[in-house]
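Report on one structure; see the data block that follows.
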Amino acid sequence: MSGLLEGAKNLVSRGGDLGERLDGLTAATDAATGRLDDEIVDEARGVVNKAQGRLKLSADHTVVGVAGATGSGKSSTFNALTGLELSAVGVRRPTTSWATACVWGSEGAQELLEWLGIPERHQTTRDSMLDTRRETHELDGVVLLDLPDHDSTEVSHHLEVDRLVELADMLVWVLDPQKYADAAIHDRYLQPLRTHSEIMVVVLNHIDRVPEERRESMLGDVRRLLDQDGLRNVPVIPVSAKLGWGVPQLKTEIAQRAAAKRANKSRLSADIKTAAVKLAKASGDAKPRSLAKPRVEALEDAISEAAGVPTVVDAVERSVRTRARGATGWPLVSWVSRLKPDPLKRLHLALGEEATQLAGRARTSLPQTTAVERARVDTEVRTLADEAGAGLATPWREAIRRASVARMGDLADRLDASVGGVDLNAERLPLWTGLVRVLQWILIAIAAVGLVWSLALVLSGPAVGEATPSVAGVELPYVLLIGGVGLGLVLWCVCHLMVISTARRRARAADSRLRAAVSEVSRELVVDPIETELAAYTSLRHGVAKALR
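The sequence shown begins at 1 in UniProt numbering and counts up by one.
Given below as structure tokens:
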């Protein structure tokens, strides 16, 4: 539990700006996954994992790796710094792939050594029983590693060196006067680490073997090679591990960096910057963008056409018109309209609440999408993707194109189910149609009364007619007959106009619902995947900017 608390305390005290930059790189790496080159993404993720692991460990220790080629005197330099014969020298050096560690101040170092992967048999604490001499506290907090020879013929040695070079907070490169220009170390390690110059020191060992008059020129030559590698700020220290020349200076250099507690943060900062720069270079520098609303609407229009929305809207208008006419027409003849097939039922489109209940159970009978309509949809999808990716780097353009068509195979079925599931509101007629039907029957009854009464007058003769009531000089039976029929015709004409208006209004409402359903499908299958890619690009840009801040 104390280890976890200590780790949490380290995160709080050491996070700060470095923690924010690491968060930015994490976000950028997540956004780049599956979109940018896997090698670059994996490298960035490795930096994230390493940094997160290092930040949880001891902030009081600085890991210093001593690296070099066979015969460079790397182990002798390591022994000179520790004051102990911990690493075998020359031909007596064991052929092991493990590094040797010497720790000044063991408190809190064990977890760090476990993270570094150093076996216990290769660990020594400088304040242990092995050291019986009086020792200064100059290197307190240093974890010194003697790495395997980077030019060893053993592959395991190469792998161990590469692994620990990635983990060390500070690197001491030991060069031999006879092989300091060897491309093996310059091309494989020094030049690729030019962004990490703040955490490196170069040692020219065996300086005692170089004639005194050549030493300055040789140091100048080493300086020139490092400058060519982009390591202008890396100090070069001449050392003779055998005679102790330059060892105090090297120890002081290490001690000062360890005391300042900057080496580990500098290493992580450089790693984060390097990974972020690679992500930024691979991703391009175009500004984040969003989809243009007119272009999205154009896509929805094309998909609506292909889904048969105009056909359904026309069917809704005709269905409502037929039903309303049957309900408001002259009752004696309106039954004829019921003999006409319902346009919506011919399309297998359910009416009213059945639309929701039957959605997805059966396909509609909408006309098949034509080649022209399919071509228009394909063109709109491609245009939308091209406009969304305009100006972006190739990986992002390709990611957007892939996303735009990834689910197009589901489009036809989803549209059919979506259109079939819309409540078109074609079955429910307005309340006024019921009132009209009652009024029509009343007028029919009035006309019937007038007709029967008129026939009775004709058959009964003039004597009865003189006693019949009249309205404005016209006998009442004729008024009832003519009025009932006339008002019925007027009512029919008025209702005809109202039916047309109602049918068109219902058609517009159905069009709106259908296009909303199509828009939902279009957004889910095409627009949202594209916007996801654009959001990922924006996240990467913001994450990279945060990591480089």
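Built from N, CA and C at the ideal position, the CB exists for glycine as well.
Three or more Cβ pairs closer than 8 angstroms define a contact, and the segment 305 to 320 falls short of that threshold against the segment 391 to 410. Counting only the Cα atoms, E166 lies some 17 angstroms from K278.
Put simply, the backbone Cα of T379 is about 21 angstroms away from that of P395.
For Q123, the uninterrupted beta strand (DSSP E) run begins and ends at Q123 to T125, by DSSP.
According to the DSSP secondary-structure assignment, T100 is paired through a beta bridge with D146. Non-local beta-carbon contacts of I40 in its own chain, meaning distances under 7 angstroms to residues more than five positions away in sequence, involve K278, L279 and A282 in chain order. Residue ranges of uninterrupted alpha helix (DSSP H) with 4 or more members, entirely inside the segment 387 to 423 and ordered along the chain, are 394 to 405 and 411 to 420. When beta bridges are read from the DSSP output, P238 appears opposite L204.
Check the Cα spacing between H206 and each of D187, G244 and D227: the tightest is with G244. Spatial neighbours of S522 in its own chain (CB-CB distance under 7 angstroms, excluding positions within 5 residues in sequence) are listed in chain order as L299, E300 and I303. In the structure shown, the three-state DSSP call for T82 is helix. Taking a contact to require three or more Cβ pairs closer than 8 angstroms, the segment 219 to 239 and the segment 195 to 202 qualify as touching. For D511, the number of other beta carbons within 10 angstroms of its own is at least 16, and it is reported as buried. A distance of 9 angstroms or more separates the beta carbons of E111 and L147. Assignment of beta-bridge partners to A270 by DSSP yields no partner.
For a cut-off of 8 angstroms, the C-beta gap from R414 to L525 is around 7 angstroms, short enough to register as a contact.
CA-CA distance, L36 to I530, rounds to 16 angstroms. About 19 angstroms separates the CB atoms of L139 and K265; that is not less than 8 angstroms, and the two are not in contact. T370 carries a coil assignment under DSSP once its states are collapsed to helix, strand and coil. The alpha helix (DSSP H) runs of length 4 or more contained entirely in the segment 28 to 63 are, from start to end of the chain, 38 to 55.
The Cβ atoms of S72 and K242 do not sit closer than 9 angstroms to each other.
For R407, the closest alpha carbon among the candidates D528, G421 and G329 is that of D528. Residue environment: K293 is assigned as exposed (fewer than 16 neighbouring CB atoms within 10 Å of its CB, all protein chains considered). About 5 angstroms separates the beta carbons of T274 and T195, which is inside the 8 angstroms limit, making them a contact pair. Assignment of E212 by DSSP, reduced to helix, strand and coil, places it in the helix class. The count of Cβ pairs closer than 8 angstroms, one atom from the segment 204 to 224 and one from the segment 48 to 63, stays below three, leaving the stretches out of contact. By the Cβ neighbour-count rule, I442 is exposed, with fewer than 16 other Cβ atoms within 10 Å of its own. Looking at H61, Y478 and E120, the one whose alpha-carbon comes closest to that of E107 is H61.
CA-to-CA, the gap between R504 and A327 works out to about 17 angstroms. Per DSSP, V172 lies in no alpha helix (DSSP H); the unbroken beta strand (DSSP E) holding it starts and ends at M170 to L175. At a Cβ-Cβ threshold of 9 angstroms, L219 and G68 do not count as neighbours.
Secondary structure note for A69: it is in no alpha helix (DSSP H), with a DSSP letter that is neither H nor E. Beyond the five residues adjoining it in sequence on each side, A509 comes within less than 7 angstroms, by CB distance, of N425 in the same chain, given in chain order. Here DSSP, grouped into helix, strand and coil, assigns E520 to helix. In the three-state reduction of the DSSP assignment, G308 falls in the coil class. Annotated as distal: L84 and V66, with beta-carbon spacing of 9 angstroms or more.
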